[in-house]
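Residue 415 in our numbering sits at position 207 of the sequence shown, with consecutive numbering throughout.
For each residue, glycine too, the CB sits at the ideal point set by N, CA and C.
Taking it in order: structure first as structure tokens, then the write-up.
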Amino acid sequence: MNKIKEYVNMLAKTDEQTLAKIAEYEKEGKFNEHLDTNIAPYIPVDKDYKYLPTNIFAKTKRALQTAFIIKPFCKETNKLFQTEVVGKENLKCIKSAIVVCNHVNKLDCMAVRYALAPKKVYFTAAEFNNMQGFLGDMMRAGGLLPMSQNFSAQKNFLQATTKLLQSKNFITFFPERAEWWCYEKPRPQFDGAYKMAVQNNVPVIPVFITFRGTEESRKSPLGIKQFVVHILKPIVASSKLTAKENVKVMKEDCEKQWWQTYEKFYHKKREV
């Protein structure tokens with residue numbers, strides 16, 4: 209348990225250099241730029257990559273990892289974040305969905321997992337997040353679905369995600385792409401999550417994480433803040449629109465709900 213606490217504290221926090229880079233990129237309008245350029249060794253994703261355990265031994269190993277590592281890790285993370293969930297009623301009667309959430313911490317997936325429980329939730333991520341070693345193993349056990357620029361690998365990814373959605377799971381995208389530590393405002397989104405929702409005929413569930421000050425954060429800008437996870441109104445594709453039109457309309461709807469949540473929570477107006 210002490211080892212888990214060490215990992216949580218290490219991954220959840222940031223440094224002054226990262227905050228300075230956020231301010232710089234915000235000023236330059238580079239809202240989707242990655243802040244961390246130190247990429248650890250990772251497992252490449254190709255057409256044969258195994259997204260899900262395929263035999264009894266792999267399934268048993270995954271179940272044990274989930275029970276004895278992932279669940280305690282999630283509990284410890286949300287204890288640190290003091291996570292509050294708002295809008296759980298919006299999940300009623302939804303069997304499978306694409307979830308889109310703002311990307312505000314290396315461990316925000318744990319807050320989403322906690323908020324959407326007891327649903328099984330998977331998380332898409334860039335290929336370089338498919339790390340080697342213990343941490344990578346735990347991320348995969350926690351539902352990591354790494355993507356790739358390789359065409360054959362993309363077909364494999366789409367087959368796996370379609371199977372997961374047909375099996376009544378949730379798949380989470382962070383459509384802002386880059387993680388910006390405790391950044392309050394919504395940032396521009398990419399289309400991929402909405403394309404997948406339209407292709408699989410499942411709703412999009414917008415999720416937006418906001419923050420409250422804590423005693424720690426009031427003492428230091430690097431201090432952990434309280435997370436409030438807002439589960440917003442589901443968005444469903446219209447049969448009267450083309451796939452391309454639905455992607456555009458659904459993304460605009462999500463962005464509107466994100467901004468409304470931002471304005472209401474922080475009592476701030478969107479800057480035009």
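Taking its Cβ as the centre, do 16 or more other Cβ atoms sit within 10 Å of residue i, making it buried, or is it exposed?
i	result
Ile264	exposed
Pro414	buried
Thr262	exposed
Thr469	buried
Leu352	buried
Met218	exposed
Cys462	buried
Ala445	buried
Lys229	buried
Thr369	buried
Phe342	exposed
Ile247	exposed
Thr189	The requested residue 189 is not part of the displayed model; the chain covers only 209 to 480.
Could you spell out the range, first to last residue, of the alpha helix (DSSP H) harbouring residue i?
i	result
Arg426	Glu423 to Lys427
Glu234	Glu224 to Glu236
Arg420	Here Arg420 belongs to no alpha helix (DSSP H); instead the beta strand (DSSP E) covers Val412 to Arg420.
Glu292	Run containing Glu292: none in the alpha helix (DSSP H); it sits in the beta strand (DSSP E), Glu292 to Val294.
Glu297	No alpha helix (DSSP H) holds Glu297; DSSP gives it neither H nor E.
Thr450	Taken as a continuous stretch (DSSP letters only), Thr450 belongs to no alpha helix (DSSP H), as it is neither H nor E.
For the beta strand (DSSP E) that contains residue i, what are its first and last residues?
i	result
Val312	From DSSP, Val312 is part of no beta strand (DSSP E); its letter is neither H nor E.
Ile264	From DSSP, Ile264 is part of no beta strand (DSSP E) but of the alpha helix (DSSP H) over Ile264 to Gln273.
Phe378	Phe378 to Phe381
Thr332	Val329 to Ala333
Phe289	Per DSSP, Phe289 belongs to no beta strand (DSSP E); it is in the alpha helix (DSSP H), Lys279 to Phe289.
Gln434	Gln434 to Ile439
Cβ of residue i within 8 Å of Cβ of residue j?
i	j	result
Val320	Val308	no
Ile432	Thr422	yes
Met355	Ala334	yes
Glu297	Val216	no
Asp223	Leu440	no
Arg478	Asn240	no
Ala349	Ile251	no
His438	Glu387	no
Asn358	Asp256	no
Ala451	Ile306	no
Thr226	Leu243	yes
Tyr233	Cys282	no
Leu324	Leu299	yes
Within 7 Å: the Cβ of residue i and any heavy atom of the ligand ZN?
i	result
Pro442	Absence of the ligand ZN from the depicted structure is noted, as is the absence of any ligand whatsoever, leaving it without description.
Contact between the stretch 310 to 324 and the stretch 282 to 294: three or more CB pairs below 8 Å? Touching, yes, given that three or more Cβ pairs across the two stretches are closer than 8 Å.
If you pair each beta-carbon of the stretch 391 to 404 with each one of the stretch 458 to 478, do three or more pairs fall below 8 Å? The stretch 391 to 404 vs the stretch 458 to 478: in contact.
Whole runs of the alpha helix (DSSP H) within the stretch 347 to 404, excluding any shorter than 4 residues: Whole alpha helix (DSSP H) segments, 4+ residues: 359 to 374.
Are there three or more Cβ pairs, one per stretch, closer than 8 Å when the stretch 374 to 381 is compared with the stretch 443 to 462? Flag = no, the stretch 374 to 381 and the stretch 443 to 462 do not touch.
Pair every Cβ in the stretch 406 to 426 with every Cβ in the stretch 367 to 378, then say whether three or more of these pairs are closer than 8 Å. Three or more Cβ pairs closer than 8 Å define a contact, and the stretch 406 to 426 meets that threshold against the stretch 367 to 378.
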